[in-house]
Amino acid sequence: MTLHPAAPGFGLAFQRLDCPGSPPVPATRDSVLPRKRRTAIGQNGVVIELVEHVLAALAGLQVDNCLITLDALEPPGFDGSCRPVVEAILEAELIPQDAPRPCLMIDRVLSVGTAGKNVTLRPLSQPGLAVSYHLDYGPRSPIRPQNRTFLVNAYDFAVNIAGCRTFVLDSEVAALKAQGLGQGLTYQDLLVFGPDGPIDNRLLFPDECARHKILDCIGDFALLGVDL
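Numbering-wise (the working numbering), the sequence shown opens with residue 1327 and increments by one.
This is how it looks when you write it as structure tokens:
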């Protein structure tokens, strides 16, 4: 996977080099495909799976315009986080562009979902984006309930969110592999929770799971194509 600079107004887009002649697929909600447990985009038969972590790295560092090229169905998985992408972007350094950033302002409370699983948007008292995540899988889950609020800015994203990894229950692994997901992964590649906690791994933060969900949210919100 390679990240390429793009002109103002280009936005974020993925291009499959293993699909010769195919144009870039815009990373916008119009390109989103129905999936469970992951985010995918596609157009005209060209599909890119698991885009949320790359988008989180770009959005977390406030990169507006970038072409992402890759030679496979999905970006590299790394350790289930977006830290390697963030480190590559920071090493390359960011270039300011002389153009306004499109912005969507939330001026009233909006809510969607059910009592047990919902997203609510509320206006902030100052410009910016704060994400609060409440995670609770119930009293029998090895993943304890946890809450985290994060005010999105590039420095804190790189330090406190980017390295937080995908997690899954050990009891779910077989079903996911049957769907073609996670082939070849080990317990060191992401957080797999058994009855007593992570198997052959350790948490970076006590609330790493909630932090990773915030990472996913930031990546998915990037599909709006504007600052939220």
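Glycine residues also receive a C-beta, built at the ideal position from the N, C-alpha and C atoms.
Fair warning: this is a prediction, and the values are worked out from it, not measured in the lab.
- In the structure shown, proline 1410 adopts helical secondary structure according to DSSP, grouped into three states.
- Taking the Cβ atoms as the reference, glutamate 1378 lies roughly 4 Å from glycine 1545, within the contact range of under 8 Å.
- Scanning the stretch 1359-1414 for uninterrupted beta strand (DSSP E) segments of 3 residues or longer gives 1366-1369, 1372-1374, 1392-1396, listed from N- to C-terminal end.
- Residue pairing of glycine 1520 in beta bridges, as defined by DSSP: Gly1523.
- Looking at the DSSP output, threonine 1328 shares a beta bridge with Thr1395.
- For the beta strand (DSSP E) assignment, the uninterrupted runs of no fewer than 3 residues enclosed by the stretch 1439-1486 are, from N- to C-terminal side, 1444-1447, 1456-1461, 1472-1477.
- Restricting attention to Arg1448, Ala1425, Pro1426, Gln1423, the CA atom closest to the CA of arginine 1434 is found in Arg1448.
- Within the same chain, Cβ atoms closer than 6 Å to the Cβ of phenylalanine 1483 are found at Gly1386, the five residues on either side in sequence being excluded.
- In the DSSP annotation of this structure, arginine 1537 is not part of any beta strand (DSSP E); the continuous alpha helix (DSSP H) holding it starts and ends at 1534-1547.
- Your pair valine 1389 and isoleucine 1415 checks out as a contact, with CB atoms roughly 7 Å apart and the cut at 8 Å.
- In the DSSP assignment, glutamine 1341 falls within the unbroken beta strand (DSSP E) covering 1338-1342.
- By the Cβ-count criterion, glycine 1489 is buried, with 16 or more other Cβ atoms from all chains shown falling within 10 Å of its own Cβ.
- When the beta-carbon positions are compared, valine 1380 and arginine 1342 stay at least 8 Å from each other.
- Taking a C-beta distance under 8 Å as the contact criterion, aspartate 1522 and proline 1471 do not qualify as a contact pair.
- In the three-state reduction of the DSSP assignment, leucine 1530 falls in the coil class, being assigned neither a helical nor a strand state.
- Assignment of aspartate 1433 by DSSP, reduced to helix, strand and coil, places it in the coil class.
- A direct Cα-Cα distance of roughly 21 Å separates isoleucine 1394 from isoleucine 1487.
- Around the Cβ of threonine 1328, a 10 Å sphere holds fewer than 16 other Cβ atoms; the residue is exposed.
- Taking each of Cys1408, Lys1443, Ile1432 in turn and checking the Cα distance to aspartate 1515, the smallest one comes out for Cys1408.
- The C-beta distance from aspartate 1542 to alanine 1382 rounds to 7 Å, short enough to fall under 8 Å.
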